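When the letters of the sequence shown are read in order and numbered with the numbering used here, they come out as residues 89 to 760.
Structure first, commentary second.
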Amino acid sequence: MNINQSIIDRAEQLKAKLQEASYAYYVLDNPIMDDTIYDQLYRELQDLETQYPSLITSDSPTQRVGDKLDRQFNSVAHNIPLYSLENAFNFEELNNWQNRWQRQIENNPNFNYICELKIDGSAIALTYENGIFIRGLTRGDGVMGEDITHNLRTIRSIPLKLNMDNPPPILEVRGEAFFPLEEFNRINQEREKNQEDLFANPRNATAGTLRQLDPKIASERKLQFFAYNAYILPENNCFDTQEKALNFLQQIGFLVNPNYQVFADLNQVKQYLDIWEIDRKNLPYMTDGVVVKINQFSLQNELGFTQKFPRWAIAVKYPAEEMTTTVEKIIVNVGRTGAVTPLAIMKPVTLGGTIVQRATLHNVDRVRELDIRVGDTVIIRKAGEIIPEVVEVIKDLRPANSQPYQMPSHCPECDSILVRPDNEAVTRCVNSSCPAILRGSLIHWASRDAMDIRGLGEKVIISLLDYKLVKSIADLYKLQDFEIKDLERMGEKSAQKLITAIEDSKKQPFNRVLFGLGIRYVGAVNAQILTDSFQNIDNLIQAKKEDLERVYGIGEEIANSVVEWFTIVDNIKLINELKILKINFQSDNNSNKTDQKLTNKTFVLTGTLPTLKRNDAKKLIESAGGKVNSSISAKIDYVVVGEDAGSKLEKAQKLNLKIISESDLLDLLNNN
Ligand code: IVH
Numbered sequence: 089m090n091i092n093q094s095i096i097d098r099a100e101q102l103k104a105k106l107q108e109a110s111y112a113y114y115v116l117d118n119p120i121m122d123d124t125i126y127d128q129l130y131r132e133l134q135d136l137e138t139q140y141p142s143l144i145t146s147d148s149p150t151q152r153v154g155d156k157l158d159r160q161f162n163s164v165a166h167n168i169p170l171y172s173l174e175n176a177f178n179f180e181e182l183n184n185w186q187n188r189w190q191r192q193i194e195n196n197p198n199f200n201y202i203c204e205l206k207i208d209g210s211a212i213a214l215t216y217e218n219g220i221f222i223r224g225l226t227r228g229d230g231v232m233g234e235d236i237t238h239n240l241r242t243i244r245s246i247p248l249k250l251n252m253d254n255p256p257p258i259l260e261v262r263g264e265a266f267f268p269l270e271e272f273n274r275i276n277q278e279r280e281k282n283q284e285d286l287f288a289n290p291r292n293a294t295a296g297t298l299r300q301l302d303p304k305i306a307s308e309r310k311l312q313f314f315a316y317n318a319y320i321l322p323e324n325n326c327f328d329t330q331e332k333a334l335n336f337l338q339q340i341g342f343l344v345n346p347n348y349q350v351f352a353d354l355n356q357v358k359q360y361l362d363i364w365e366i367d368r369k370n371l372p373y374m375t376d377g378v379v380v381k382i383n384q385f386s387l388q389n390e391l392g393f394t395q396k397f398p399r400w401a402i403a404v405k406y407p408a409e410e411m412t413t414t415v416e417k418i419i420v421n422v423g424r425t426g427a428v429t430p431l432a433i434m435k436p437v438t439l440g441g442t443i444v445q446r447a448t449l450h451n452v453d454r455v456r457e458l459d460i461r462v463g464d465t466v467i468i469r470k471a472g473e474i475i476p477e478v479v480e481v482i483k484d485l486r487p488a489n490s491q492p493y494q495m496p497s498h499c500p501e502c503d504s505i506l507v508r509p510d511n512e513a514v515t516r517c518v519n520s521s522c523p524a525i526l527r528g529s530l531i532h533w534a535s536r537d538a539m540d541i542r543g544l545g546e547k548v549i550i551s552l553l554d555y556k557l558v559k560s561i562a563d564l565y566k567l568q569d570f571e572i573k574d575l576e577r578m579g580e581k582s583a584q585k586l587i588t589a590i591e592d593s594k595k596q597p598f599n600r601v602l603f604g605l606g607i608r609y610v611g612a613v614n615a616q617i618l619t620d621s622f623q624n625i626d627n628l629i630q631a632k633k634e635d636l637e638r639v640y641g642i643g644e645e646i647a648n649s650v651v652e653w654f655t656i657v658d659n660i661k662l663i664n665e666l667k668i669l670k671i672n673f674q675s676d677n678n679s680n681k682t683d684q685k686l687t688n689k690t691f692v693l694t695g696t697l698p699t700l701k702r703n704d705a706k707k708l709i710e711s712a713g714g715k716v717n718s719s720i721s722a723k724i725d726y727v728v729v730g731e732d733a734g735s736k737l738e739k740a741q742k743l744n745l746k747i748i749s750e751s752d753l754l755d756l757l758n759n760n
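Take a look at the structure:
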């Protein structure tokens, strides 16, 4: 269709006006246009574009929500690798960092620090070609990222077109996508209403949203983006300080977190850290620390990078958050080994961005030590960021009529008497047909590091048990879709999917099967060692205690536990039944231990590795004859360091241990 110049001009004007209005609204938070006017102009542009499709450009405001991807994301190489940051947990560690980088510099340079809040979301890399947004990637392993352009386009604070004349051929922008807390709460409330699983925290919600195939979902959940890095390629020498780069980002249309500040020395930085440790709680988004960067790019370039981190920046992390709440109930949970764990059920509170209602009390001794009672006001803390624990009972706030808590003498699930073996902290239910044990065993069997059966989570397992559809692990493999399609939240499609996932799990290797059986002390690592040494289940069943103890890495406790497990008739029955169902009880012969490159070498793994799961790295090391320890000591040969490595890395550095990356480890395994 013919299109005259006045229509082209009109469309251009509309795009520019709508872009300006949306920038004022989403970035400046200072609307310049009434919503209804915006809608009218938007519709006019949309109509023109429908009539003359050649008017549609990728930077048009109508093009934020595109079509659903029909397959998984593409892996794309980053223009510049994305490094992560070293962590400091206190001022002393920050000082050490300063000493370290200053030692590396010849003469005392003029410099200052720029402090930025560390936003807790997902790191994102955006590429603009000639001023147009063409691609956005996740961090991935830092070298390759996943192409999530379709979702990033829906974020209103990411400009589709830069606000500048003569844009550079390539501009690379880095920043953090995140959920404002209000939006995060709104989404979770909606999910609760729809009986969907809640997002644990805004960071997970961000990652989960950015990984959706359908951009409509991201568009409905209003994500935001703070930009913090700009690289004008190829030279990247346009700014002399980070402060100027931030100003530039702001000018060309990005949302930059306004709370950055420049300081002359660490004493001033400390004041900033102290202030934000308190004030961050009033921000409408989550932060998990402050990033301290050297402001001058000349000095940044001189310092360069280690394997993983820039030497010119460090993240100062705030300590785990604590909150007070009150205890409503104290219950005990029975796990798959029969271990009984006391839990405090509390008035829900938000702790580090997560809603927390349960906290572990570990064991009877801890309960006694705390003297925790129903009605008590307690301080809870997130240990290791995930499982909250009760750290203190504020006795002064105890209600007058409170009673000391008595651990139950009988199992809350099967009513058999609980026992606490001598020398053990743990109390147990020893009734092997206790429903809690079966439930726990099924959950463990289906779990990620065992048979990894997607869709078979705790809730589904509880339904299966409630309706008496399964009475053992073997029964899972006899389920049919018509039996489960009417379970709560199931339906025909999910039922079919679940049956397929269960069937597919028969392909899992023997070591996962052995781990899945849940023999005490046989974790993923020991399962790997045992399956490597004994090759098949029959050899393992026949193995005597001495045979087991002869295997490197298997001690008396493990050997006893394995032998004992196979003496139980029901366990042998289960194995036989699983054999008939074609569960894999045979090691893959290729994994025979022909090369033992790491014999007598001891490793510690710390932080998140770029590609290997922690357990996989362990297995690789062990299959090459090496050992993996959990704590740092002078005896360790190598410390494999990943992202967010914390105190172990520090300790290793103090002991002058050999610190290597995942790729160094792979080199050791391949070439030695
Ligand atoms: S600078 C080369 N600045 O923190 C250094 N990172 O491990 C690049 N983050 O997930 C990072 N706010 O996305 C920098 N103002 C900020 C940040 C920030 C959040 C995140 C980053 C990454 C992690 C670093």
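Ideal Cβ positions, reconstructed from N, Cα and C, are used throughout, including at glycine.
It should be emphasised that the depicted structure is a prediction, and the values quoted were computed from it without experimental measurement.
Would residue i and residue j be called neighbours here (beta carbons separated by less than 8 Å)?
| i | j | result |
| --- | --- | --- |
| residue 226 | residue 234 | yes |
| residue 673 | residue 601 | yes |
| residue 517 | residue 504 | yes |
| residue 294 | residue 314 | no |
| residue 175 | residue 401 | no |
| residue 572 | residue 586 | yes |
| residue 686 | residue 709 | yes |
| residue 524 | residue 501 | yes |
| residue 272 | residue 734 | no |
| residue 357 | residue 317 | no |
| residue 133 | residue 95 | no |
| residue 373 | residue 269 | yes |
| residue 466 | residue 413 | yes |
| residue 291 | residue 228 | no |
| residue 562 | residue 665 | yes |
| residue 724 | residue 696 | no |
| residue 239 | residue 306 | yes |
| residue 490 | residue 455 | no |
| residue 487 | residue 447 | no |
| residue 418 | residue 439 | no |
| residue 530 | residue 549 | yes |
| residue 320 | residue 259 | yes |
| residue 736 | residue 720 | yes |
| residue 212 | residue 230 | no |
| residue 148 | residue 103 | yes |
Enumerate in chain order the residues of its own chain whose CB-to-CB distance from residue i is below 6 Å, with the five nearest sequence positions on each side excluded.
| i | result |
| --- | --- |
| residue 753 | 728 |
| residue 637 | 647 |
| residue 589 | 541, 542 and 543 |
| residue 756 | none |
Rounded C-beta distance between residue i and residue j? I'm assuming under 8 Å.
| i | j | result |
| --- | --- | --- |
| residue 540 | residue 593 | 7 Å |
| residue 376 | residue 156 | About 33 Å separates the two Cβ atoms, so there is no contact after all. |
| residue 449 | residue 430 | 4 Å |
| residue 496 | residue 459 | The Cβ separation is near 17 Å, so there is no contact. |
| residue 247 | residue 111 | 7 Å |
| residue 612 | residue 717 | Their Cβ separation, rounded to whole angstroms, is 15 Å, which puts residue 612 and residue 717 out of contact at 8 Å. |
| residue 428 | residue 420 | 5 Å |
| residue 309 | residue 297 | 5 Å |
Excluding sequence positions up to five away, which residues of its chain have a Cβ less than 8 Å from the Cβ of residue i?
| i | result |
| --- | --- |
| residue 631 | 622, 650 and 651 |
| residue 360 | 203, 349, 351 and 378 |
| residue 532 | 424, 538, 604 and 606 |
Given residue i, which residues of its chain have a CB within under 7 Å of its CB, disregarding the five upstream and five downstream residues?
| i | result |
| --- | --- |
| residue 615 | 599, 602 and 603 |
| residue 101 | none |
| residue 257 | 217 and 218 |
| residue 392 | 399 |
| residue 628 | 618 and 622 |
| residue 186 | 354 |
Return yes when at least one heavy atom of the ligand SAH lies under 7 Å from the C-beta of residue i, else no.
| i | result |
| --- | --- |
| residue 331 | Absence of the ligand SAH is noted for the structure shown, with the ligand IVH being the only ligands found. |
Every unbroken alpha helix (DSSP H) inside the segment 728-753 [4 residues or more]: 735-742
Three-pair Cβ contact test at 8 Å for the segment 379-393 versus the segment 310-329: yes
Ordered list of alpha helix (DSSP H) runs contained in the segment 216-299, each at least 4 residues: 237-240, 269-281 and 290-298
Segment contact, 8 Å Cβ cut-off, at least three pairs: the segment 332-345 with the segment 268-284: no
Every unbroken beta strand (DSSP E) inside the segment 453-481 [3 residues or more]: 465-471 and 475-481
Segment contact flag, the segment 353-370 with the segment 140-147, C-beta cutoff 8 Å, min 3 pairs: no
Length-filtered (4 minimum) alpha helix (DSSP H) runs lying within the segment 665-718: 702-711
Runs of alpha helix (DSSP H) wholly within the segment 517-565 (minimum 4 residues, chain order): 523-534, 546-554 and 561-564
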